[in-house]
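Asks:
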Amino acid sequence: MGEGTPLGEVELAALRGGLAPSTNTARDLAATAQTPCPRRRALAVVGARTEDAAARLPGPAAPSGQSPFAITVGTRFEEILRRDGAARLREALERAVPVELGELELIDLDARHPWRPGVPRPETAAARRSATDALVAACLRGEAEADRLVLPPRLALTVTDTARDVEPDALLCLRAGRGAQPELLLVEIKAFVDHGHRTDTHDLASTRLQLAVYALAVRQQLARLELEPQPMREAVVVLRAPGSMVGSASLEEVHRDVSRLERALARAPATLSEVLATLPEGAALDDSATLSALPVRYRPHYCLASCAMALQCRAGVEEAASPEYYGSPTREVFAAIGDLRRAHGLVTGSEASETEEERELVARLGVLRRRIDDARRRCS
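Those letters in the sequence shown? Residues 35 to 414, by the working numbering.
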């Protein structure tokens, strides 16, 4: 594979090995903006389910993902919004979009290009991408006869050295958006309840990061089609109104999340090839030894809340006496040493400092140790 050449699905499948492919690329890529963990990143880039990978590692996997009940509610909510020509979704969008919507033309790609048994998925995916490209191009070139609501658009996204597809829930193609110029607005549907300013901030943050992934895909699409760039500063989030299956839509700023995602994706390693460079030739990520060889960046608060591999990673950094186990403050203090056993030896005097960084650490923590010793003597 040449440098900068995107990996195809055949190569990605070989890297996944027996791991099940992920069904939510945007969620997986959004996770890379919340943790720089190379192991999680590698799984996201090759499109493998983290839960499936966790089952291959020694030790118990952490519970993660949505509950069956939440999945059922989410599916039901989306079905209701899309029923009768997406009537309820249109009503919600009319209350949220900052310009007056004209007669919306519904473009249902699930109906036009369904996933049919016997038809190769790449063929259907390509048809959906081409249809989305044509609809977006017609809108931005002023060739559309009406505002359009596309359900669901399919966008190509190249991240690091891999090409993937993502599907937002919907895309509004407005002939005359703000400033009377053509405008694209991404739409994401979530089944958690809209409590106004008391809505779960973690859920909203995760949704905005997913939308940031879609915004990057739109930017790449417009560049590929040689169309005028779109700012993509805002997107529409549709939640459930309390006690109902009625949509409650609002505009959410996503430009900061796009910048955050871009910074995360720009961190080293820049390509999957770099991630896998230390692994055996022909290695696949379904092998526990291969997975274990990938370094981890354990962040207690985030990892325990969102990653199926969290307990296994925690056990690994605990066994290695790594400061990662205790989170950011400890990690920052002991970054120059990296081994808590060594740090303990330095502070207690059982081991001698060998570097300037170690001497600085002893000086900083020595004062704290003396205070603790004095307090113990006074209390004894």
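Here a beta-carbon is modelled for each residue, glycine too, at the ideal position from N, C-alpha and C.
Since Ser284 sits in a beta bridge, which residues does DSSP pair it with?
Replies: The sequence position of residue 284 within the sequence shown is 250, counting from 1. In DSSP, Ser284 forms a bridge with Val271.
Asks: Smallest Cα separation from Arg242: which of Pro202, Ala257, Glu260?
Replies: If you number the sequence shown from 1, residue 242 lands on position 208. Of Pro202, Ala257, Glu260, the residue nearest in Cα terms is Pro202.
Asks: Does DSSP put Leu143 in a helix, a strand or coil?
Replies: Numbered from 1 along the sequence shown, position 109 holds the residue referred to as residue 143. Reduced to three states, the DSSP call for Leu143 is helix.
Asks: With 16 other CB atoms within 10 Å as the buried threshold, where does Leu49 fall?
Replies: To locate residue 49, count along the sequence shown from 1; it is residue 15. Looking at its Cβ environment, which holds 16 or more other Cβ atoms inside 10 Å, Leu49 is buried.
Asks: Are there three or more Cβ pairs, one per stretch, closer than 8 Å when the segment 260 to 270 is compared with the segment 213 to 229?
Replies: yes
Asks: Buried or exposed: which applies to Pro156, given that a residue is buried once 16 or more other Cβ atoms fall within 10 Å of its Cβ?
Replies: Residue numbering aside, residue 156 sits at position 122 when the sequence shown is read from its first letter. Flag for Pro156 reads exposed.
Asks: Nearest to Phe111 by alpha carbon, out of Val280, Asn58, Ala168?
Replies: Taking the first residue of the sequence shown as position 1, residue 111 is located at position 77. Comparing alpha-carbon positions, the option among Val280, Asn58, Ala168 lying closest to Phe111 turns out to be Val280.
Asks: Are the beta-carbon atoms of Ala269 and Leu328 separated by less than 7 Å?
Replies: For this step, residue 269 is matched to residue 235 along the sequence shown. For this step, residue 328 is matched to residue 294 along the sequence shown. Result no, Cβ atoms of Ala269 and Leu328 do not sit closer than 7 Å.
Asks: Apart from the five residues on each side of it in sequence, which residues of its chain come closer than 7 Å, Cβ to Cβ, to Ala172?
Replies: Taking the sequence shown and counting its residues from 1, one reaches residue 172 at position 138. Excluding sequence neighbours, Ala172 sits near Ala178.
Asks: Does the beta-carbon distance from Leu238 to Leu183 come in below 7 Å?
Replies: The residue given as residue 238 occupies position 204 in the sequence shown. The residue given as residue 183 occupies position 149 in the sequence shown. Not in contact: Leu238 and Leu183 (Cβ atoms no closer than 7 Å).
Asks: DSSP on Ile223, reduced to helix/strand/coil?
Replies: As a first step, residue 223 is located in the sequence shown; it is residue number 189 there, counting from the start. DSSP places Ile223 in strand when its eight states are reduced to three.
Asks: Check whether the Cβ atoms of Gly51 and Asp320 sit closer than 7 Å, and answer yes or no.
Replies: In the sequence shown, the residue the question calls residue 51 occupies position 17. In the sequence shown, the residue the question calls residue 320 occupies position 286. Result yes, Cβ atoms of Gly51 and Asp320 sit closer than 7 Å.
Asks: Identify, in the order they occur along the chain, each residue of the same chain with its Cβ nearer than 8 Å to the Cβ of Ala54, setting aside the five sequence neighbours on each side.
Replies: Numbered from its first residue, the sequence shown carries residue 54 at position 20. Closer than 8 Å at the Cβ level, and outside the excluded window around Ala54, lie Ala82, Arg83, Asp86.
Asks: Provide the residue(s) that pair with Val184 in DSSP beta bridges, ordered along the chain.
Replies: Along the sequence shown, read from residue 1 onward, the residue named residue 184 stands at position 150. Answer is Ile141, Leu205, bridged to Val184.
Asks: Would you mind giving the Cβ-Cβ distance between Ala246 and Asp291, rounded to the nearest angstrom? I have them listed as a contact below 8 Å.
Replies: Position 212 of the sequence shown, counting from 1, holds the residue named residue 246. Position 257 of the sequence shown, counting from 1, holds the residue named residue 291. Contact holds; Cβ gap of about 4 Å.
Asks: What does a CB cutoff of less than 6 Å around Ala88 pick up in its chain, not counting 5 residues either side in sequence?
Replies: To locate residue 88, count along the sequence shown from 1; it is residue 54. Excluding sequence neighbours, Ala88 sits near Ala95, Ala342, Met343.
Asks: Using a 10 Å radius around the Cβ and a threshold of 16 neighbouring Cβ atoms, would you call Gly350 buried or exposed?
Replies: Mapped onto the sequence shown, residue 350 falls at position 316. Under this definition Gly350 is a buried residue.
Asks: With a Cβ-Cβ cutoff of 7 Å, do Leu115 and Leu123 count as a contact?
Replies: Taking the sequence shown and counting its residues from 1, one reaches residue 115 at position 81. Taking the sequence shown and counting its residues from 1, one reaches residue 123 at position 89. Result yes, Cβ atoms of Leu115 and Leu123 sit closer than 7 Å.
Asks: Pick helix, strand or coil for Pro216, following the three-state DSSP scheme.
Replies: Numbered from its first residue, the sequence shown carries residue 216 at position 182. DSSP places Pro216 in coil when its eight states are reduced to three.
Asks: Could you pull the DSSP bridge partners for Val200 from this structure?
Replies: In the sequence shown, residue 200 corresponds to position 166, counting from 1. Leu189, per the DSSP bridge assignment.
Asks: If you drop the 5 nearest sequence neighbours on each side, which residues of the same chain put their C-beta closer than 6 Å to that of Asp142?
Replies: Counting from one through the sequence shown, the residue named residue 142 turns up at place 108. Once the five neighbours on either side are set aside, the close Cβ partners of Asp142 are Leu185.
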